[in-house]
Structure formats: structure tokens, C-alpha cells
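Each residue of the sequence shown is one higher than the one before, starting from 1 at the first, in UniProt numbering.
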Amino acid sequence: MGSKKTIMLVDDSKVSRLMLKAIIENHFPDWHILEAENAATALKISLYENDNVDLITLDMNMPGTDGLTIAPQLKNNCTQAVIALLTGNVTKEVRAKAEQQGLMFIAKPITEDKVIEFVNSYNSPQGAKQA
């Protein structure tokens, strides 16, 4: 396992993935970026990469399987990863479910500051639980 940190971006929106990728490449050029456009691809990547994945951004609303449903499987496969649920659905119910699973929470719309805060939180696991 190398010293290069890895983040997996899980979002069915190519535009969202491109935006997240651009922010990370700009502010964290040493990070390796993996992309998954759906839950099935994310699970395949998580099985292959497992403990090499440090951070995961996980879209809540994707076709087929939503982020809250896939999160436990990703956590099981990538035991060291910190996962942030990304959603515009900022309800108490969604927030509570995310917290029950130990997920961080990033409200959409995604901003550069929110992404930077999440990546920086990797070095401080007790950091903010919501961006």
C-alpha cells in the first residue's frame, strides 16, 4: 500500500463527478481519484481496492440503489474509508440515517469549501460531521 491517498467519487451525474474531481485535483494533487457512476461499479471498485480507499463521496439519489443502501457494503469492503453522503434531500430522517451508519453528510449544492473540508477531515477523524 503506497503513501498516496485515494478517494472514490460515487455519483450517477458525470457533471457532479467532474466538479468533485476538479476540486480535488486542484487542492489535493497527490490524491488518486477513482470514479463510479452507479452502485454496482462502486461495489466492484470497493472489492478490488478495499483498504486502499481512504475517502468516499457517495451520492444519495442514484438509479437502482441509493447511497444509504450501498453505504454498509462499501464500509464492509473499504474498512478504513471515511464516507460522506451527498444529497440535496436535507431532511432530519436522511440526516439521522446517515449518522446511524457513521457517515459524514455533505448537503448539495456541492461547493469547493465543502469538498476541501471533507478531504481535510480525513486527517482529523473527529472533525466536522457535516459540510
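Where a beta carbon is used, it is the ideal one built from N, C-alpha and C, also for glycine.
Predicted model only: the values in this text are computed from it and were never measured.
Based on the DSSP secondary-structure assignment, which residues constitute the bridge partners of H32?
BP columns for H32 point to T6.
Between the alpha carbons of V115 and S121, how many angstroms are there, rounded?
When rounded, the distance between both Cα atoms is 10 Å.
Within 8 Å, strictly: CB atoms of Q80 and D54
Yes. Within cutoff.
Which parts of the UniProt domain "Response regulatory" (6 to 123) are runs of the beta strand (DSSP E), unbroken and 3 residues or longer, counting only runs that do not cross its ends?
Residue ranges of uninterrupted beta strand (DSSP E) with 3 or more members, entirely inside the UniProt domain "Response regulatory" (6 to 123) and ordered along the chain, are 6 to 10, 32 to 36, 55 to 59, 82 to 87 and 104 to 107.
Residues near I23 in its chain [Cβ-Cβ closer than 6 Å; skip 5 each side]
Only E112 and V115 meet the Cβ criterion.
Decide if K47 is buried, meaning its Cβ has at least 16 other Cβ atoms within 10 Å, or exposed.
This sequence places Leu at residue 47; Lys is not what is there. When all chains shown are included, L47 counts as exposed.
Once the 5 residues before and after residue 140 are set aside, which same chain residues still bring their CB inside 6 Å of it?
Residue 140 is absent from the model: the chain starts at 1 and stops at 131.
Pairwise C-alpha distance: S16 and N38:
Each residue's alpha carbon lies about 13 Å from the other.
Cut-off 6 Å between Cβ atoms - residues of its own chain near G67, not counting five sequence neighbours on either side:
Contacts found: L58, D59, M60 and L85.
Could you tell me the distance, in whole angstroms, from the CA atom of E25 to the CA atom of A96?
Straight-line Cα distance between these residues: approximately 31 Å.
Determine the burial state of V90: buried for a count of at least 16 other Cβ atoms within 10 Å of its Cβ, exposed for fewer.
Counting other Cβ atoms within 10 Å of its Cβ, V90 stays below 16 and is therefore classed as exposed.
Go ahead and label A40 buried or exposed: buried means 16 or more other beta carbons lie within 10 angstroms of its beta carbon, across all protein chains shown.
In summary, A40 is exposed, with fewer than 16 beta-carbon neighbours lying within 10 Å of its beta-carbon over all protein chains present.
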